[in-house]
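Novice: Letter 65 of the sequence shown, counting from 1, is numbered 64 in numbering that gives the first Met the number 0, and no numbers are missing.
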Amino acid sequence: MSCFVVGDVHGEYAALLNVVAKTPKNSRLIFVGDLIDRGEKSAHVVRFVRKHKLQCVLGNHELMMIEYGSQFVDDILNNRPVEQDNMWLKHGGRETLLSYGLISYENSVIVPHKFIREFIFQFQDDIEWMKQLPLYLELDERHPSGRKVVVSHSAIAPVWNLKENQDEKSKRALQDMVLWGRTRPLDSEPIFNIFGHTPQKYKADVKQHYVNIDTGCYMKRESGYGQLSAYCVETGEIYSSNDFNYQKAS
């Protein structure tokens, strides 16, 4: 059974189905986080991943939904006005709330659905699911180079030496790098790291010691982006939501 690691989906459900259809039957799928926000079908993407019990690591957009989405729920249940502007809403959270059918957006104002209390439970349940997503996954599969394969949202290799440390400073440094970092791994680091977070133009960034599999799925209006990609751990093959972007890692 082949193992494919899928890049940042960002609510692009059609692209997800396209890529999944191209992978061999019974393939194992793992996601690098950022399932949600920006695209129009975040709720569908989360439902797909949960329905099929697929593995996923925590992304910074899931972290924002946990924080700001929980506040949204609390405001609704306590009859308080909802926030109109915060970091999550600025970076695609509004589209996620729309995808769950929780709001309308009228004259640049977020308006909660009249009967929101009757169906907000699915949004709440998805937040609880996101809370248990791991920061990283160490795979049983070995990369052909012999290195241990580790999946994370952003590159974890630069702080891999901190993973056994239990002090708060080390744990915070690890989390900040894995969720928000932009540092590329060095070849001297001991793992093969598969991650996303920073969109790559035209195709995934494939090196002997890492793959950045984020090809800017939601950036459909920008030249060289707008594709969802999936990397096969065993063979190095990459499938994309556009047929022309199939590549074999060198």
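Every residue gets a Cβ at the ideal spot worked out from N, C-alpha and C, and that includes glycine. Keep in mind it's a predicted model, so treat the numbers as computed, not measured.
Is the number of C-beta pairs between the region 223-235 and the region 170-186 that are closer than 8 Å three or more?
Specialist: no
Novice: Where does F3 fall in DSSP's three states?
Specialist: strand
Novice: For V148, which residues from the same chain have a beta carbon less than 6 Å from its beta carbon, with the 5 sequence-adjacent residues on both sides left out?
Specialist: L138, E140, H142, F191 and V232
Novice: What is the rounded straight-line gap between the Cα of Q123 and the Cα of E82?
Specialist: 17 Å
Novice: Using only the alpha-carbon positions, how far apart do S121 and S144 sit?
Specialist: It is Gln, not Ser, that sits at residue 121 in the sequence shown. Using only the alpha carbons, I get a separation of about 42 Å.
Novice: With H, G and I counted as helix, E and B as strand and the rest as coil, what does DSSP make of Y224?
Specialist: coil
Novice: Does the Cβ of D213 have 16 or more other Cβ atoms within 10 Å, making it buried, or fewer, making it exposed?
Specialist: buried
Novice: Any idea what DSSP makes of R79, helix, strand or coil?
Specialist: Coil at R79, not helix or strand.
Novice: Unbroken beta strand (DSSP E) runs of length 3 or more, entirely within the region 71-129: which are they?
Specialist: 102-105 and 108-111
Novice: Can you give me the start and stop residues for the beta strand (DSSP E) that R171 sits inside?
Specialist: Premise fails: R171 lies in the alpha helix (DSSP H), E167 to W179, not in any beta strand (DSSP E).
Novice: Which same chain residues end up closer than 7 Å to L62 when comparing Cβ atoms and leaving out the 5 residues on each side of it in sequence?
Specialist: L178
Novice: Counting pairs of beta carbons, one from the region 194-203 and one from the region 25-34, are three or more of them closer than 8 Å?
Specialist: yes
Novice: Which residue wins for smallest C-alpha separation from K89, given the options V72, N77, E105 and Y67?
Specialist: Y67
Novice: Within 10 angstroms of the Cβ of K40, are there 16 or more other Cβ atoms? Answer buried if so, exposed if not.
Specialist: buried
Novice: Beta-carbon within less than 8 Å of V110's beta-carbon, same chain only, minus the 5 sequence neighbours each way: which residues are those?
Specialist: I102, S103 and Y104
Novice: Within the continuous beta strand (DSSP E) that includes Y251, where are the two ends?
Specialist: Summary: the structure shown does not reach residue 251, with the chain confined to residues 0 through 249, and so no result is reported for it.
Novice: So, is L96 buried or exposed, given that buried needs 16 or more other C-beta atoms within 10 angstroms?
Specialist: Buried, because 16 or more other Cβ atoms sit within 10 Å of the Cβ of L96.
Novice: If you reduce the DSSP assignment to three classes, tell me which class V48 lands in.
Specialist: In this structure, V48 counts as helix in the three-state DSSP scheme.
Novice: Let me confirm a value: V45 is counted as buried when at least 16 other C-beta atoms fall within 10 Å, else exposed. Which label applies?
Specialist: buried
Novice: Please determine if the region 201-211 and the region 161-177 are in contact, where contact requires at least 3 C-beta pairs separated by less than 8 Å.
Specialist: no
Novice: Give a single yes or no on whether G215 has its beta carbon closer than 7 Å to a heavy atom of the ligand HEM.
Specialist: Absence of the ligand HEM is noted for the structure shown, with no ligands found whatsoever.
Novice: Alpha carbon to alpha carbon, how far is Q131 from C55?
Specialist: 10 Å
Novice: Which residues does DSSP pair with Y238 in a beta bridge?
Specialist: In the DSSP output, where bridge partners are listed per residue, Y238 has A229.
Novice: So the beta strand (DSSP E) V148 belongs to, where does it begin and stop?
Specialist: For V148, the enclosing beta strand (DSSP E) has its first and last residue at K147 to S151.
Novice: Please identify the residue among V8, I65 and H60 whose C-alpha is closest to the C-alpha of V48.
Specialist: V8
Novice: Quick one: residues in its chain with C-beta nearer than 6 Å to the C-beta of R27, no 5 flanking neighbours on either side, listed in chain order?
Specialist: M0 and C2
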